[in-house]
Amino acid sequence: MDTLTDDIHLRRIDPAINMHRFYGLTIQPTLFGGVSVMRIWGRIGCQGQAMIQTYETLEDAREELSRIRKAKLRKGYRA
Numbered sequence: 001m002d003t004l005t006d007d008i009h010l011r012r013i014d015p016a017i018n019m020h021r022f023y024g025l026t027i028q029p030t031l032f033g034g035v036s037v038m039r040i041w042g043r044i045g046c047q048g049q050a051m052i053q054t055y056e057t058l059e060d061a062r063e064e065l066s067r068i069r070k071a072k073l074r075k076g077y078r079a
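For the record, in the sequence shown the residue sitting at position 44 is 44 according to full-length UniProt numbering, with numbers rising by one throughout.
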C-alpha cells in the first residue's frame, strides 16, 4: 500500500452572513486491510462532526476524496 498522505483542509468564510466553516478530509488505513475516508466539518472554533466511509482499495478512497473535494470547492470552500 502507498504511503497515505491525502489530507485536505478547506474553509468557507463570509462575515456578511456570519459563516465561518471548515471541512477536513483524510485517508486512513483500517485495521482490517481496507482504507477509510474521514470527513470532519463544522464551524471554525468548534469541535465539529465526523463521518468515516470505508473502501476496499486506496484508489476507490482517493476517487471519493477527489469527488467530495470538487463538490466543496464548487460550493465556495477554499484551501
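Just so you know, even glycine gets a beta-carbon here, dropped at the ideal spot from N, CA and C.
- Per DSSP, residue 21 is one residue of the beta strand (DSSP E) stretching across 19-29.
- Around residue 62, the same chain offers no residue with a beta carbon nearer than 6 Å, after the five sequence neighbours per side are excluded.
- Pairwise C-beta distances place the stretch 27-34 out of contact with the stretch 10-19, as fewer than three of them are shorter than 8 Å.
- CA-CA distance, residue 74 to residue 12, rounds to 11 Å.
- Spatial neighbours of residue 53 in its own chain (CB-CB distance under 7 Å, excluding positions within 5 residues in sequence) are listed in chain order as 36, 37 and 64.
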